Ligand code: VGL
Ligand code: ZN
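Numbering (the UniProt record's numbering), first residue to last: 1 to 198.
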């Protein structure tokens, strides 16, 4: 089998009541748990920031969440503090199955954010996921999780760049939708050859 399910950031802080809640984010849990039965390989990602991370508005005096700043690698949206390593907010949703093969953490370098499961936001620093997948002969990926317009779409676009066959299961994704980012992400994904499945 050469296919894997990639479950992106289904963590408490991205669910209702969390620090960076994605509307109806928790609705992805049941469909994702069911999808795990039909994939031999299941990989979960976990957004995993140190306190004071540069993607946090609180690290930039005078800046508010959802403003954009320029970091050495380019523009970066500032977020409320979220998914701080070891906190309840960084934990997976309590009902999410976590009996997958690999959990990959990202965003753990203070100075660089990482939306994608493959490359950090400098578009150079690798997470190692491509090495893992290629060594296992996996060529097809189905992505689900949170948030459609950030970590899911960045991961899907990088996966296409790396040559994977990519499907995004939209019914098991929810978006943040910051200034039209949801529609834009769908357009980019379609344009790069990602199969969008409802
Ligand atoms: C995410 C914003 C900041 C995501 C992570 O999982 O989509 N979005 N960190
Ligand atoms: Zn984050």
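Ideal Cβ placement from N, Cα and C applies to all residues, glycine included. Computed from a predicted model, the values in this text were never measured in an experiment.
Residue from the options with nearest C-alpha to residue i
i           : options               : result
residue 42  : 186, 5 and 160        : 5
residue 13  : 93, 178 and 121       : 93
residue 163 : 179, 169 and 138      : 138
residue 212 : 20, 131 and 121       : Only positions 1 to 198 of the chain appear in the structure, and residue 212 is not among them; the question remains open.
residue 107 : 158, 122 and 62       : 122
residue 2   : 132, 181 and 192      : 132
residue 109 : 87, 53 and 129        : 53
residue 85  : 197, 105, 60 and 22   : 105
residue 161 : 170, 191, 179 and 173 : 191
residue 100 : 91, 44 and 196        : 44
residue 48  : 60, 103 and 17        : 103
residue 182 : 56, 30 and 22         : 22
residue 113 : 197, 15, 17 and 68    : 68
residue 169 : 177, 33, 180 and 142  : 142
residue 98  : 7, 197 and 129        : 7
residue 167 : 196, 90, 158 and 178  : 196
residue 158 : 180, 176 and 125      : 125
residue 165 : 62, 55, 140 and 87    : 140
residue 172 : 26, 17, 18 and 16     : 26
For residue j and residue i, believed in contact at Cβ under 8 Å, the rounded distance
i           : j           : result
residue 50  : residue 65  : Actually they do not touch by this definition, with Cβ atoms about 18 Å apart.
residue 28  : residue 144 : 7 Å
residue 174 : residue 24  : 5 Å
residue 46  : residue 90  : 7 Å
residue 176 : residue 96  : Actually they are not in contact, since the Cβ atoms of residue 176 and residue 96 sit about 19 Å apart, beyond 8 Å.
Taking contact to mean 3 or more Cβ pairs, one atom from each stretch, closer than 8 Å, check whether the segment 178 to 191 and the segment 138 to 151 are in contact. yes
Cβ contact check for the segment 153 to 173 and the segment 113 to 123: 3 or more pairs under 8 Å: yes
For the pair the segment 74 to 87 and the segment 32 to 42, tell me if three or more CB-CB distances fall below 8 Å. no
Mind listing which residues have their beta carbon within less than 7 Å of any non-hydrogen atom of the ligand ZN? Chain order is fine. 47, 49, 55, 79, 82, 83, 107 and 113
Completely contained beta strand (DSSP E) runs for the segment 74 to 156, where each covers 3 or more residues: 74 to 77, 102 to 106 and 140 to 146
As an exercise, report each continuous alpha helix (DSSP H) stretch of at least 4 residues that is fully enclosed by the segment 16 to 65, in chain order. 29 to 35
Whole alpha helix (DSSP H) runs in the segment 158 to 195 with 4 or more residues, listed along the chain? 181 to 191
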